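*Asks:* Handing you a structure now.
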DNA sequence: CATCTTGTTACGTT
DNA sequence: AAACGTAACAAGAT
C-alpha cells in the first residue's frame, strides 16, 4: 500500500513521541522484518534513548534517537505506523513496539514485507546516503530522468517508473496515474517515449507526487475526483477522461491499468500525400 | 478452494 | 558489467 505520500503520513504518526524517551521495546523477534540486523544490540541500546527527529525519503523512513542511534523502517506492502496509549498490548501483527511514558509507538505489518534497519554512529547510516533525488525535490531534473530512462532503454516505461533508484516513492498506483496523465502506453520501451511525451511525463511525475502528498499525507484523504485512482481497481472501471473501459494486464511484474483510447502506443505517422 | 494484492530482492539469463 | 525477467517471500481479502 504505502507509496511516497502514504509513507509520509505514517511517518508523522510517530511525531507525538518526539522528545520522549524510549522506556522499553517489544518485538516479535523471529519475524522477517528484522532480517539482517543485530536484534540483540538493537533491543539493548534503544531503551533510554530519546526520539529526536524523523524523515522520509521515497518509501523509506529514518528515525533519529539520542545516543547516536538510528532506526530505518520500510513498510513493504502492508506496513503501518501508529501511536497507542501507554498501556497498549501488542497484537499479532504489531512486530515492533516502542514504549514511552505517554505513548506507545507501533509498527505493524501483517504480510512482513517491511523491514527494520538499525545503526549506531554519530553520522547518518550508510543505507541513508547517496539517495536518488526524490521526485518532489528540485534535484529531480528532466535531464536526470531522461538519462535514467535511456539507461533502461528496453524496460517498459511502467516498469522503469517502479524502480526506486530512479523514482523513489513511486509505486504501482502512482505509476499508472502518471502514465495515464502523460497519455503514454505503459508497455512502450523507455527509449521510445517521444520527446514531447517525455516532457509531459516529467511534469506529471511532479504533479501526481505533489498532489498525492497534498491530499494523502496530512490525513490519508483520497486524491481529488477525476484521478485514475478512483477508477483503477473497480471492476468495469472507465477512463475519467473519455469513458473508455480501462484495460488491465501485468507489466513489469505488476498489475497495470490503463486507457487504451488515450494511452496509445506511439506510431510513426504516415506522410500525408500532397 | 483458487486467485488476487499499492514491494523488494535473489537469482539466472542475455 | 549491466540490464532484464521471474520466482519467492507471507498472509489476508475476495
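Residue numbers (this note's numbering): 931 to 1204. Glycine residues also receive a C-beta, built at the ideal position from the N, C-alpha and C atoms. Because the structure is a prediction, the values reported are computed rather than measured.
What is the rounded straight-line gap between the Cα of residue 948 and the Cα of residue 966?
*Replies:* 27 Å
*Asks:* Nearest to residue 962 by alpha carbon, out of 1046, 939 and 952?
*Replies:* 1046
*Asks:* In the DSSP output, which residue or residues are listed as bridge partners for residue 964?
*Replies:* Residue 964 pairs with nothing; no bridge assigned.
*Asks:* Which word fits residue 1069, buried or exposed, when buried means at least 16 other C-beta atoms lie within 10 angstroms of its C-beta?
*Replies:* exposed
*Asks:* Identify every residue that forms a DSSP beta bridge with residue 1029.
*Replies:* 954 and 1034
*Asks:* Between 999, 1182, 1151 and 1191, which lies nearest to residue 1168 when the distance is taken from Cα to Cα?
*Replies:* For the residues 999, 1182, 1151 and 1191, the minimum Cα distance to residue 1168 belongs to 1191.
*Asks:* Out of curiosity, what's the CA-to-CA distance linking residue 958 and residue 1038?
*Replies:* 10 Å
*Asks:* Please state if the CB of residue 1064 and the CB of residue 1009 are separated by a distance shorter than 8 Å.
*Replies:* no
*Asks:* Taking C-alpha atoms, which residue in 1012, 1188, 1122 and 978 lies nearest to residue 998?
*Replies:* 978
*Asks:* Please give the ranges of any beta strand (DSSP E) in the segment 1013 to 1087, keeping only runs that are unbroken, at least 3 residues long and fully inside the region.
*Replies:* Whole beta strand (DSSP E) segments, 3+ residues: 1024 to 1029, 1034 to 1038 and 1045 to 1050.
*Asks:* Are at least three pairs of beta-carbons, each pair with one atom in the segment 1160 to 1178 and one in the segment 1077 to 1087, less than 8 Å apart?
*Replies:* no
*Asks:* Could you please give me the residues that DSSP links to residue 1179 through a beta bridge?
*Replies:* DSSP output for residue 1179 lists 1186 as bridge partner(s).
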